[in-house]
Amino acid sequence: LFSGFSSSAARNVVIKSVTIIGGGQMGAGIAQVAASTGHSVTLVDTSDDILKKSIETIEGSLRRVVKKKFADKPEAGEEFIRNVMQKVLTSADAASAVRGSDLVVEAIAENLKVKQDLFRRLDKLAPPHTIFASNTSSLSISDIASSTNRPDKFGGLHFFNPVAMMKLVEVIGTPATSQETSESLMNFSKVLGKTPVSSKDTSGFIVNRLLVPCIVEAIRMYERGDASKEDIDIAMKLGAGHPMGPIELADYIGLDTVKSIMEGEAKDPDNPLFASSDLLNKLVAEGKVGRKTAEGFYKYK
Ligand code: CAA
Ligand code: NAD
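Take the sequence shown: its position 105, counted from the start at 1, is 112 in the UniProt record's numbering, and no numbers get skipped.
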């Protein structure tokens, strides 16, 4: 058993160079954490304007981290920020970005076809050893991986928002994911300073399967008029010790993402916990998807 483990460990891909596709709230956070732990990062999005905002987000978040980590040494903090920022390159061309990459982490729109199209294209361009991972909240990793010819080198790497603060990563293996790939993703998560847990490729994985029913029931409770949204949030913060109330958290995650997770779960007809909410659907249709658009259930300046 021991020699089996060591030989598979020897075959693990040591991840040094990472391409992150999608520079939104999650992709920017993943890029920040990967660069902060010494990886060479290329962050890809569809335009230079979006990437400029991603870089500003990373720098803003690093400043918050440094304020605590280097509280007594502001100069060392500035140097840390400079070093990390130097490790993040940006590109609007995913094709060239993946050529020298050990790992590609996808954090683009939560849409199966869009994710499959991206990976189908990248599969032809990335070196054979490159591991592909999706940060999807709700889609099946097997379904996304089916667009590639490397299902053994494909897994889920599910981060939590805000990535700089949340210590968990869910590592999702499909029946086709090799042990080497799973081990490489577990090791990578540890090198990032996170605690990885493994989950099968089941809808919602671990956290969302348990968290989203709570969020959705809170939205329905508000919709029914059982309590105000403010009181629901106060109640769960002070009565259950949650850092954010469920409605506030829905805005923080993004109502579009919450809706996608619910719809993924709703495919299971035995699960009434994920029945849809008219109010949530209305807000998403109006483009009021939470903090990232400055309005959701609450307004943000
Ligand atoms: N980057 C860096 N540091 C940050 C940060 C960020 N984006 N956000 C917060 N911090 C740190 C800062 O040090 C901050 O202090 P400053 O304001 O002085 O910079 C400190 O945290 C405290 O922040 P706040 O005062 O704004 O608020 P808080 O004490 O409530 O902490 C929080 C913020 C860590 C986000 C906390 O509210 C929390 O843990 N909320 C729950 C988040 C959660 O449940 N996330 C998971 C969502 S589910 C998911 O992600 C999966 C999915 O698929 C949808
Ligand atoms: P977001 O809307 O903030 O960012 C998505 C980014 O992807 C945008 O900048 C967009 O321009 C870019 N993009 C879209 N299509 C692209 C393409 N083909 N190529 C390159 N870039 C493209 O979304 P987000 O909240 O960062 O979520 C991203 C992914 O992470 C989703 O799959 C979501 O389900 C998942 N996720 C979200 C959270 C959360 O709390 N928001 C937590 C864990 C996982």
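Beta carbons: idealized from backbone N, C-alpha and C, even for Gly.
Is residue i buried or exposed, if buried means 16 or more other CB atoms sit within 10 Å of its CB?
i           : result
residue 93  : exposed
residue 240 : buried
residue 270 : exposed
residue 172 : exposed
residue 103 : exposed
residue 266 : buried
residue 207 : exposed
residue 182 : exposed
residue 245 : exposed
residue 124 : exposed
residue 54  : exposed
residue 12  : At residue 12 the pLDDT is 40, less than 50, meaning the model places this residue with poor confidence and gives no usable figure here.
Within its chain, find whatever has a CB closer than 7 Å to the CB of residue i; leave out the 5 residues flanking it on each side and keep chain order.
i           : result
residue 156 : 130
residue 121 : 115
residue 258 : 297, 298, 303, 304 and 305
residue 249 : 243
Kindly indicate the opening and closing residues of the alpha helix (DSSP H) around residue i.
i           : result
residue 368 : Only positions 8 to 308 of the chain appear in the structure, and residue 368 is not among them; the question remains open.
residue 180 : That residue, residue 180, is in no alpha helix (DSSP H); its beta strand (DSSP E) goes 175 to 180.
residue 152 : 148 to 152
residue 87  : 81 to 93
residue 43  : 32 to 43
residue 162 : Element bounds for residue 162: not the alpha helix (DSSP H) but the beta strand (DSSP E), 161 to 165.
residue 20  : Segment: none, residue 20 is in no alpha helix (DSSP H) and carries neither H nor E.
residue 67  : 55 to 76
residue 246 : 236 to 247
residue 309 : With the chain covering 8 to 308 only, the question about residue 309 has no answer from this structure.
Taking Cβ positions, are residue i and residue j nearer each other than 8 Å?
i           : j           : result
residue 263 : residue 291 : yes
residue 286 : residue 230 : yes
residue 213 : residue 177 : yes
residue 32  : residue 168 : yes
residue 200 : residue 44  : yes
residue 69  : residue 91  : yes
residue 254 : residue 226 : yes
residue 117 : residue 144 : yes
residue 195 : residue 154 : no
residue 283 : residue 19  : no
residue 204 : residue 164 : no
Within the continuous beta strand (DSSP E) that includes residue i, where are the two ends?
i           : result
residue 188 : Where residue 188 is concerned, there is no enclosing beta strand (DSSP E), although the alpha helix (DSSP H) it sits in stretches over 186 to 198.
residue 207 : 202 to 207
residue 49  : 47 to 51
residue 24  : 24 to 28
residue 141 : 138 to 141
Using a C-beta cutoff of 8 Å, does residue i count as contacting chain B?
i           : result
residue 271 : Of the protein chains in the structure, only one exists, and it is not chain B.
If you drop the 5 nearest sequence neighbours on each side, which residues of the same chain put their C-beta closer than 6 Å to that of residue i?
i           : result
residue 110 : 22, 25 and 138
residue 180 : 162 and 189
residue 29  : 114 and 115
residue 49  : 26, 96, 98 and 104
residue 14  : Reliability of the predicted coordinates at residue 14 is poor, the pLDDT of 45 falling under 50, and no value is obtained from them.
residue 210 : 271 and 272
residue 301 : 307
Closer than 8 Å by C-beta to residue i: which residues in its own chain qualify, once you throw out the five before and the five after it? Chain order, please.
i           : result
residue 106 : 132, 133 and 134
residue 60  : 30
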